[in-house]
Structure formats: structure tokens, C-alpha cells
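Those sequence lines, one after another, are chains Z and S. Numbering follows this note's numbering, with no gaps: position 499 of the first sequence is 548. Numbering follows this note's numbering, with no gaps: position 169 of the second sequence is 171. Using N, Cα and C, we set each Cβ at its ideal position, and we do this for glycine too. Below is one structure, written out as C-alpha cells; the observations come after it.
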Amino acid sequence: MEVAQETLTAPAAKEAVELSGSQALLDALIIEGVDTIFGYPGGAIMPIYDALFDYKEKLNHILVRHEQGGIHAGQGYARTSGKVGVVFATSGPGATNLVTGLADAQIDSTPLVCITGQVFAHLLGTDAFQETDVINITTPVTKWNYQVTDATEIPEVIAKAFYIAKSGRPGPVLIDITKNAQIQKFDYKGYTKCDHIRSYRPNPIVRPQYIKEAAELINSAKKPFIIWGQGVILGSAEQEFKAFIEKSGIPSAWTILGAGAIPTDHPLNVGMLGMHGNYGPNVLTNECDVLIAIGMRFDDRVTGRLDKYAKQAKVIHLDIDPAEIDKNVKSTVPVWGDCKETLPLLTALVEGKNHTEWVKLFNEYTQKEYDAVIHAELNPTSPEMTMGEVIKQLNELTKGDAVIVTDVGQHQMVACRYATLNKTRSNITSGGLGTMGFALPAAIGAKFGAQERDVVAIIGDGGFQMTLQELGTIMQTGIDVKIIILNNKFLGMVRQWQELFNQRRYSFVDIQSPDFVAVAAAYGIAGRVINDRKDLPSALKQMMENKGSFLLEVMVTKENNVFPMVPQGCSVAEIRLK
Amino acid sequence: METQIDKQEFNITVYTENQIGLLNRIAIIFTRRKINIDSLNTSPSEIESIHRFNIVITESEDVVRKLCRQIEKQVEVLKVYYHTNEDVIWQELALYKVSTDVIAEKVSVERLLRENGARVVTLRKDYTVFETTGHREETDNLISILQPYGLIEFVRSARVAIIKDSEGFNSKLRDFERLEPGEDVIENEYLNKGDKVFTM
């Protein structure tokens, strides 16, 4: 392969040893610092698994129950550890089962290297057993992909894969390796990490004039407002971010993927943005004079109706990905670059201020929201439990130190709204793609990525049934993951929309569930179901104190709605409290 | 909805590594947004191992700019430019197959071909192949002229375009090959346009 040879530095002069492609692959993984692989074997990846048998001490392979579970676990691992998640799958159905996870990782910028087996090179295009065109199927949902048909390519290609996955705006990479290349022996001359690709610019150079312009805008602003996203976490720029907001005194709100970059109780953390975000951050987006977006991409769930979004404001957009600048919202000053680099430059130029009155306005909105929504959600008087009170009680037990993994739907919005997060890399959720079934496998991976931390998965009754086979992975590995199922016997978010916008025509949202506790028991996992509020504190305590995994099913009120809500097609200022 | 009035032909020039699968990676950037590619040409550039794509689409400048950024984001893409038709010199090549008998019998046909700048590529007993190069209207025009005389077959190439004010890619590429490239390479061309781009 011409490209790789040109773009990589020459391998260290070493005496060549004869290795198979599979051995070279595993050697590369070890040098890249990989310790955990999530995977599932099959015909076309058997030579790699055979080689793995000899690497068991160095590479911890987690056998999942489905390749989608494997890739979501890889995502969870990457999100808590900050490392590249590694996933193995076989050709054909094994590879196609990765597609949802690839799409999820692509839209949420999660670094992954996925290795798929492929049929022998001479069989490509013959409709061989378990052959699919994996490269073309995955092209739209990968940052980069490549098919290896010759073992000699493996060191360069794997080096490139890791470099691309983790550099710049991270993303998933898929390497498809034909079976002959896995078997083929070649003279392996060692592995050199990649740090440069001619055609690839992961980190745009920061232009001082834009930093200066941005600082001037911020210094002249009366009502500046910061909105931040996952870029702060991906760039490991939490400290730089905190220093910036504390010096500038600017109220700051987060997208759900940005949650936890600074602690929930930080005085300048004014809450969550978007469709089910907090009242103040949404309304005041349309009242601020300078909007400073940091490492976020103006997703439609954040902006609501775009032509009525922050039209009065001058926009400063800090992002590492030039394609995000002006994609959805026109910026007045574009600050391209890694925010770990740009934020300190900006902090140096901004004046130390306290926007006391302006921050107070956010607090007033918080109070309004508390009176109208939050109080009732967290302290319900009805006999049935709410999702919010479960999260509130959980906060008291975890003290905000746990990793919270959520699935998709009402419980996700409630958990993101109310969970206390003290640390970064504590909120693992499927944001951009909204993948139901994400949480259980992602929680398994999250725990492998942060074994010293408590990991609590919060899942709806619908989403849990999409990937519950991964209870088998928990059983076999003995990993300690706490699972809370918030069961409202509905596909709650769709039901909410049907109630609000489709005249309560509840079309196929009434979902029956098995006895989840019995299902867990079948996998040897302890569990408990509670219907009564008085059992909630003891049940949560029992769950957190249990040695090993625990499944707690909480029966919650059936027809509760998540509010506030920015209805689709409405401006953020039109956010509804009921 | 954008009005038709904003749309015009844009010539997108893409410099890439020569890599299998890259054509698909670039093409899906358009198809995903349901944008039709009017013309696509790809061939080795003046620089060894670097390929050049010429893509023609009809869209508004705002859309084209965003598309270019998405293309430039691809790992194996070195650089993307876009230009209106006024900013480029462009040509399409067309081949026409006509019965040789007709040409021989009708003097007017020969005259028409000459007037349209057609050149004989192959002359056989049964048929003759002519070629012309030019803009779409010019090659189209010759089709309608030849149609009454029994045009047997016609084919037209994709558009190739030279950028009027480009200094070529050689010097840029040298910067790309350094580990720490210069500022003008690392960032997108549009940044230099300042207000023109960012205050729409």
C-alpha cells in the first residue's frame, strides 16, 4: 500500500522475525497499549482468535453475546477510559452487527478500532459464505476504513488506524482483514506508531487574530453565555475550561454529551441545553449578546428551530473540526483548534468579571422551573414513583461519584437532568444517534474502562429488552455493573409525543416485559423489583452494596411526561414547562 | 427551502491520495444529501501519487462550501477548492459516430463538422468517428446538427477544469509533506476570505 509506506516513519531497524498477520496484529495492539478487547469469534476471524490464545495474559478478551453488544461495550470503555476501544467481529453478519455501534460512535466522536475478519482475498466478490462488502457498508459510518489483503500491510495499517481513531475529532475506524492475510507469514520488522499522515490535518493551527477577536467580543459582552459539549472532555480540557469560565464569570450550560466536564454543583454551571434541558439555558440562549460554543456541534435537539436560534447574539465557535464551523449556526468568530490549546489563550486575554445580575437571571429561571417541574418530579405526592425521585435517591448514595450510563428515552432525559456528576467521563449515553439498547453493553465496557469506579446503568423497559443478552457477558466475566430499570410499561418517550402531538393515539407503545428479576436470576445476577416508594432507599442501598452486579427494577408511574420540552419545530424560547 | 435562483454550477476540485474506496467516500457525501453529481472526473494529477477529482454540481454557494468542508475532512483528501464557471477554464470531450456514406455524399455535413471544430479520429468504410471539445452547449449543438444525418452513437466525457488563478498544487504539497505544515495549508482556504464567508 503506497500511502501507508509514505506516511509512516520507517520502522525501527530490528531483526525481522517471521510472524503471521494475526500475530502482527496482536503485537500491534499490545504496543498501542490495548488491554481489553470486546469481541465474538467466527469463521473468517479464526486465525486471529487462534493467535489470541497465546496472548491471553496480555490481552483481556471479553466474549460478548452479540457484536452490537461488543461495539457498545467498546464505546463505553473508550468513554470512561479515554483510550481507544477495540472490537473484534467476524465477516458477514458479525460485521453488519457492528454497524449501529459504528454509526453511534461516528456521530458521538468515540475513538474505536474495529477489526473484522473477511473471506479469503481470492473469494472477494464471489458471494462466498459469510461475505459482505463491509468496507462499503461501513464507509458512511466510519472516520476511516481499510481492507487488508496482504499481511505485510498490517503493521502500517493498524498504526494508522489508532492514530486516526484518537487524533483530532475522534471516531471509529474499521479494518477488514481477509483470512489469507491473517494466516500469511511475513518478515515482521517491528511496529512503529503513526504520528503523521500527509493528507490528514487533525489539529488546525490556532490563529491568534481569531483568539484576539473572540476575547474582544467576550470582554465587551454584557450578557455572554457559554454552551459546551463533549469536545471539552474529548480534548481533556476540563481544567482549562474551568479556568476560562471562572475568570470570565460567564454562565455555562451543557449538551448531554458535555455533562460532567465541570461538576453539577459548580456555581457557573447553569444546566442542560436542548429539547428537555433546563428552562433558563434555553430561554436565555435567545437573550444573550455573545454566545460562546465550545466543542459542540449545534445539534437540532439543542438548537430547536434554527432560524429562531440566538439570532440576536454574536457567536464564537470553538471546535477542532472545521466542518462544524458554520454548518448549522453562522459564527461571528471561528476559533478552530483543540480547545485544550485555544481555551488557555482565550483565558489569558479575557478580563476577570462577575456577571452577577446575568447569572442571577439564570437562577431565577431555575427557581421557576423548580416550582413548575422539578419539585413535583423529585418529591412526588402521588402513590406511584417517578423516575426523578429514583435519580435523586441514587445521587444521595453515589454522592455524584458514580459513572451513570443511560439508554435512550424518557429515563435518559430524566437521568441526565437530575444526576449529580462530580467527575468528568461520568455520563455515558448515546447522544447523537439515540441508540436504544446502548446502555447495558456500554455499562459493561464503562466498568472495564474504569474499574475503580461504580458504574450504574439506568435503562428503560424497552431499551433493556433490545440488548439484554449481554447479561450473559456480565455472568461470564463477573463484572460489577448496577442496573436500574425504570419500568413504566410503555415506550415512554414515543408515548409522550403521541399524547402531546397525536391526540393520545397510543400506537404500539404499550410494551410487555418479562419478569426482569427472574431473567437476571437465570444469569446468576441478584435482583429486586419494587413497587412502593418506601422500599426505594433500601433497595438502592442493597443494590449499591451488593458484591457484584445487581438488577433493580423500579415500577414507575406509567404516563409521566418529561418537561420542560422544546417541541419540535419550535424555538428554544418557546420551551414549555407543561 | 432554498430557491432555485441561488443555485448555479460549481466546479469542485479535490486533491487526494490514490486509495481504493475514496471515490465512494467522496460520492456518498453528495448522495447522502440527495445532491446529484452532474459530472465527475478523476485522474492522476501533475504530481505523482496524487489524484485530482473534478466534480460539477448545481447548488447554492452555502451548500457547496459545507460540502467542501465535509470532503476535506476525509482522511485521504489533501485539499478541496470550489469555483464558479467564471473562475475556471473548462472543457468536455465528445465523440460522434456517423455513417461514412452520409459524409461522403453530403458536402454540407463536412462543412458543418468543420464549422463546429470537429476532428476526425477514425475513418472507416462503414463509419467515421469525430471528436470535439468544448462547453456543453457546443457539444450538444453538434448532436442536433448530426441527428438528421443519422448519428449512430455519441458519448461525452466528464468535465475537466483548470482553475484560472491557481498556482498549482506542487508548492502546497511540499508543505503537506512536512510534519509541521505552514498555516496556509493547515486551514481551509475560506478562512482567508474573512467577512465574506463568516458574516452571511
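In the DSSP assignment, Val66 of chain Z forms a beta bridge with Z:Tyr237. Counting along the chain, the unbroken alpha helix (DSSP H) around Phe411 of chain Z starts and ends at Thr405 to Glu418. In this structure Leu340 of chain Z touches Phe274 of chain Z by the C-beta definition: roughly 6 Å separates them, less than 8 Å.
Two segments are said to touch when three or more pairs of C-beta atoms, one from each, lie closer than 8 Å; by this definition the segment 389-403 of chain Z touches the segment 277-287 of chain Z.
Under the three-pair Cβ rule at 8 Å, the segment 250-259 of chain Z does not count as touching the segment 309-329 of chain Z.
In the DSSP annotation of this structure, the continuous segment of the beta strand (DSSP E) that includes Glu155 of chain S starts and ends at Leu153 to Arg158. Shown here, Asp76 of chain Z sits in a helix according to DSSP, grouped into three states. Leaving aside the five residues that flank Tyr129 of chain S on each side, the residues in its chain whose CB is nearer than 8 Å to its CB run, in chain order, Lys99, Val100, Ser101, Thr102 and Ile154. In the DSSP assignment, Ala138 of chain Z is bridged to Z:Thr165. Where Phe12 of chain S is concerned, the enclosing beta strand (DSSP E) starts and stops at Gln10 to Glu19. Contact between His404 of chain Z and Pro316 of chain Z does not hold, since their C-beta atoms are separated by about 12 Å, which reaches or exceeds 8 Å.
Between Val615 of chain Z and the set Z:Pro371, Z:Gln288, Z:Asn327 and Z:Phe347, the nearest pair of CA atoms involves Z:Asn327.
At the C-beta level, Gly458 of chain Z and Gly509 of chain Z come within 8 Å of one another. A distance below 8 Å separates the beta carbons of Ala270 of chain Z and Asp338 of chain Z. Under a criterion of Cβ atoms nearer than 8 Å, the residues of chain S adjacent to Ser248 of chain Z are, in order, Thr18, Glu19, Val77, Glu78, Val79, Leu80 and Phe178. Looking at the DSSP output, Thr130 of chain S bridges to S:Val100 and S:Leu125. With a 10 Å radius around the Cβ and a threshold of 16 neighbouring Cβ atoms, Glu61 of chain S comes out buried. Contact of Asp370 of chain Z with chain S by beta-carbon distance below 8 Å involves Lys75.
Taking all protein chains in view, the Cβ of Phe497 of chain Z is crowded by 16 or more other Cβ atoms within 10 Å, so the residue is classified as buried. Straight across, the Cα-Cα distance linking Gly123 of chain Z with Thr522 of chain Z is about 13 Å. One thing to note: Val131 of chain S has its Cβ within 8 Å of the Cβ of Thr124 of chain S.
Taking 8 Å as the upper bound for CB-CB distance, Leu147 of chain Z and Glu116 of chain Z are in contact here, some 5 Å apart.
The C-beta distance from Asp503 of chain Z to Gly597 of chain Z rounds to 12 Å, too long to meet the 8 Å contact threshold. In the DSSP annotation of this structure, the continuous segment of the alpha helix (DSSP H) that includes Gly123 of chain Z starts and ends at Glu116 to Ser130. CA-to-CA, the gap between Ile184 of chain Z and Ala569 of chain Z works out to about 37 Å. Per DSSP, the unbroken beta strand (DSSP E) holding Asp368 of chain Z starts and ends at Lys363 to Asp368. For Ala488 of chain Z, no beta strand (DSSP E) run applies; the uninterrupted alpha helix (DSSP H) run containing it begins and ends at Ala488 to Gly498, by DSSP.
Asn185 of chain Z reaches chain S at Gly23 and Asn26, counting residues in chain order whose Cβ is nearer than 8 Å.
When CB distances to chain Z are screened at a threshold of 9 Å, the residues of the segment 80-105 of chain S falling below it are Leu80 and Lys81, in chain order. Between the beta-carbon of Gly125 of chain Z and that of Ala492 of chain Z there is about 6 Å, and that keeps the pair under the 8 Å contact cut. The continuous stretches of beta strand (DSSP E) do not include Val133 of chain Z, and DSSP gives it neither H nor E. Put simply, of S:Arg126, S:Val104 and S:Glu133 the residue whose alpha carbon is nearest the alpha carbon of Glu117 of chain S is S:Glu133. By the C-beta density criterion, Pro383 of chain Z is buried, having at least 16 other C-beta atoms within 10 angstroms. By alpha-carbon distance to Ile276 of chain Z, the top candidate from Z:Leu333, Z:Met592, Z:Ile260 and Z:Gly91 is Z:Leu333. One alpha carbon belongs to Ile145 of chain S, the other to Phe156 of chain S, and they sit about 8 Å apart. By the Cβ test, the segment 192-200 of chain Z is in contact with the segment 226-242 of chain Z, since at least three Cβ pairs between them sit closer than 8 Å.
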